[in-house]
Amino acid sequence: MHKYFKAIILVAVAAICLFSFTASAEQPAQQSIRFSVFCKSVEDIRTAVAAGADFVSVSSNINLNEAASALSGSKTALIVDTDSVEQADEKYSAIVPDSNVYFRINDGASSVLKWADGKNVKLIGYYKGNIYPIALSVISKYSKQGDGAIVQMQTNNQDGVILHNTVTSFFDKKCVEGMFSFADSTRSAKRTDSARSWDDLVARGYTVIETAYPADFAAYLTSNNSERQKLESSVKAALATSTQGCSPNRVADYTSALEAAQALLSDGSSATYAMADARTVLDEAVENITIQDGSQLKGDLKFTPARIAWAVFGVALVLSWQIFFRKRWAKKA
Numbered sequence: 009m010h011k012y013f014k015a016i017i018l019v020a021v022a023a024i025c026l027f028s029f030t031a032s033a034e035q036p037a038q039q040s041i042r043f044s045v046f047c048k049s050v051e052d053i054r055t056a057v058a059a060g061a062d063f064v065s066v067s068s069n070i071n072l073n074e075a076a077s078a079l080s081g082s083k084t085a086l087i088v089d090t091d092s093v094e095q096a097d098e099k100y101s102a103i104v105p106d107s108n109v110y111f112r113i114n115d116g117a118s119s120v121l122k123w124a125d126g127k128n129v130k131l132i133g134y135y136k137g138n139i140y141p142i143a144l145s146v147i148s149k150y151s152k153q154g155d156g157a158i159v160q161m162q163t164n165n166q167d168g169v170i171l172h173n174t175v176t177s178f179f180d181k182k183c184v185e186g187m188f189s190f191a192d193s194t195r196s197a198k199r200t201d202s203a204r205s206w207d208d209l210v211a212r213g214y215t216v217i218e219t220a221y222p223a224d225f226a227a228y229l230t231s232n233n234s235e236r237q238k239l240e241s242s243v244k245a246a247l248a249t250s251t252q253g254c255s256p257n258r259v260a261d262y263t264s265a266l267e268a269a270q271a272l273l274s275d276g277s278s279a280t281y282a283m284a285d286a287r288t289v290l291d292e293a294v295e296n297i298t299i300q301d302g303s304q305l306k307g308d309l310k311f312t313p314a315r316i317a318w319a320v321f322g323v324a325l326v327l328s329w330q331i332f333f334r335k336r337w338a339k340k341a
């Protein structure tokens with residue numbers, strides 16, 4: 009009966025392992041980086057829509073209803089900026105009914121959420137500063153809106169806390185999308201509105217980027233998606249590679265590289281450079297696994313006559329010392 013029980017346990021473990029392998033081979037997540045465009049004219053709005061922008065925000069010289077009209081028929085949402093809930097109330101009453109609108113209000117989170125309560129309105133939370141507990145508090149408060157909550161964070165400090173994982177990790181924990189804007193250079197952490205900075209912010213956990221260059225950002229997304237496809241191909245090749253009979257250190261490197269690559273693919277907002285780096289590391293690990301020409305890597309264990317001789321000498325030395333001490337102990341006894 010005991011043997012049967014052990015057999016059942018082994019079958020169950022095998023099934024779990026099979027399920028785990030199947031899960032790892034699932035389709036990777038689709039790219040989920042989104043972007044907003046700051047527009048100074050109606051023509052800018054049309055350009056942003058053509059580039060595939062998810063949001064547009066507009067300068068004060070553009071009438072909001074005119075902006076909403078320019079967005080009619082598109083999936084692009086309009087961001088309405090105000091400096092207080094009082095201003096938000098005025099613009100809320102003037103906006104076209106049923107428009108796809110988000111209010112971004114530069115006011116206290118508690119006041120903004122209280123104002124929005126009972127209204128058919130979507131919010132983008134806002135925090136500008138460099139104080140860790142306040143940043144976390146803002147994320148936590150806006151997360152109560154439920155799925156789809158967005159919180160924008162800005163700072164004039166190039167190494168501000170809103171750029172650290174201690175803050176950005178809260179986006180995932182609270183199911184909130186992090187947003188970062190380059191519309192105001194005094195609040196963009198001393199970074200330029202360019203692909204290098206966008207990728208840096210994405211790597212740090214921000215999934216919605218506001219830019220003044222819609223065509224360039226669309227090109228960045230294309231490049232990001234291309235790198236994702238390359239990494240996916242490398243992962244498929246790695247999964248088809250046998251590690252049987254390979255040195256343990258090479259298998260460990262392969263496993264580590266494969267897991268890192270799969271983790272990036274499971275995240276729809278992985279940075280381009282992170283996926284590129286992971287791909288090169290994985291490709292090298294797979295190449296090392298398949299080396300059959302006797303080449304040695306750091307950590308490989310190679311049995312040579314000299315090593316065997318030293319091993320035998322070491323064993324003999326240990327045994328001789330054991331025999332010596334046992335004889336002395338026996339005499340004393």
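For what it's worth, my numbering labels the leading residue of the sequence shown as 9, then goes sequentially. By construction, the Cβ of each residue, glycine as well, lies at the ideal position given by its N, Cα and C atoms.
Where residue i sits in the DSSP three-state scheme
i: Val88; result: strand
i: Thr215; result: strand
i: Tyr221; result: coil
i: Phe46; result: strand
i: Leu79; result: coil
i: Ala248; result: coil
i: Asn233; result: helix
i: Leu139; result: First, the amino acid is wrong: residue 139 is Ile here, not Leu. Ile139 falls in the coil class under three-state DSSP.
i: Ala279; result: coil
i: Ala58; result: helix
i: Thr298; result: coil
i: Asp207; result: helix
i: Asn69; result: coil
i: Ser202; result: coil
i: Asp285; result: helix
i: Asp106; result: coil
i: Asp155; result: coil
i: Ile331; result: helix
Integer-rounded CB distance, given that residue j should sit under 8 Å from residue i
i: Ile53; j: Ala78; result: 4 Å
i: Ile103; j: Leu131; result: No, Ile103 and Leu131 are not in contact; Cβ-Cβ is about 14 Å, not under 8 Å.
i: Lys182; j: Ile147; result: 5 Å
i: Val50; j: Ala56; result: Not quite, the Cβ-Cβ distance comes to about 11 Å (not below 8 Å), so this is no contact.
i: Tyr214; j: Gly186; result: 4 Å
i: Gln38; j: Gly276; result: 6 Å
i: Val259; j: Thr249; result: So it is not a contact: roughly 10 Å between Cβ atoms.
i: Leu369; j: Leu327; result: As displayed, the chain neither begins before 9 nor continues past 341, which places residue 369 out of reach and without an answer.
i: Leu239; j: Ala286; result: 6 Å
i: Ala157; j: Val184; result: 5 Å
i: Lys127; j: Tyr100; result: 7 Å
Residues that residue i bridges to, as DSSP identifies them
i: Tyr134; result: Gln160
i: Ser196; result: Thr163
Residue span of the beta strand (DSSP E) that contains residue i, given as start and end
i: Val64; result: Phe63 to Val66
i: Ile113; result: Val109 to Ile113
i: Phe188; result: Glu185 to Ser189
Residue nearest to residue i in terms of C-alpha spacing, selected from the options
i: Ala227; options: Gln237, Glu51, Gly60 and Tyr150; result: Gly60
i: Ala293; options: Gly276, Ser277, Cys254 and Ile217; result: Cys254
i: Ala197; options: Thr163, Ala191 and Ser177; result: Thr163
i: Ile41; options: Ser189, Met283, Thr55 and Ala279; result: Ala279
i: Phe190; options: Asp291, Glu94 and Ser44; result: Ser44
i: Leu86; options: Val184, Ser92, Asp97 and Ser67; result: Ser67
i: Ser234; options: Gly137, Phe178 and Leu273; result: Leu273
i: Ile142; options: Gln39, Ala75 and Phe178; result: Phe178
i: His172; options: Ser202, Leu209, Ile70 and Gly154; result: Leu209
i: Val93; options: Thr249, Asn108, Lys238 and Lys122; result: Lys122
i: Ser241; options: Gln270, Val109, Arg204 and Ser118; result: Gln270
i: Phe46; options: Asp192, Pro256 and Ala268; result: Asp192
i: Gly137; options: Ala211, Lys244, Phe188 and Ala75; result: Phe188
i: Ser145; options: Asp155, Gly133 and Gly156; result: Gly133
i: Ser107; options: Tyr281, Asn296, Thr219 and Glu74; result: Glu74
i: Tyr135; options: Asp125, Ala124 and Ala117; result: Ala117
i: Thr219; options: Ser205, Ala268 and Asp89; result: Ser205
i: Thr194; options: Tyr221, Gln166 and Ala211; result: Gln166
Endpoints, alpha helix (DSSP H) assigned at residue i
i: Gln38; result: Neither: Gln38 is in no alpha helix (DSSP H) and is coded neither H nor E.
i: Gln270; result: Pro256 to Leu273
i: Asp125; result: Premise fails: Asp125 is in no alpha helix (DSSP H) and is neither H nor E.
i: Thr176; result: Asn173 to Lys181
i: Asp97; result: Val93 to Ala102
Residue i beta carbon near the ligand ATP (any heavy atom closer than 7 Å)
i: Glu295; result: In the structure on display, the ligand ATP does not appear, and there are no ligands present to speak of.
Neighbour flag for residue i against chain B, beta carbons, 8 Å
i: Arg287; result: Of the chains in the structure shown, none is chain B; there is only one protein chain.
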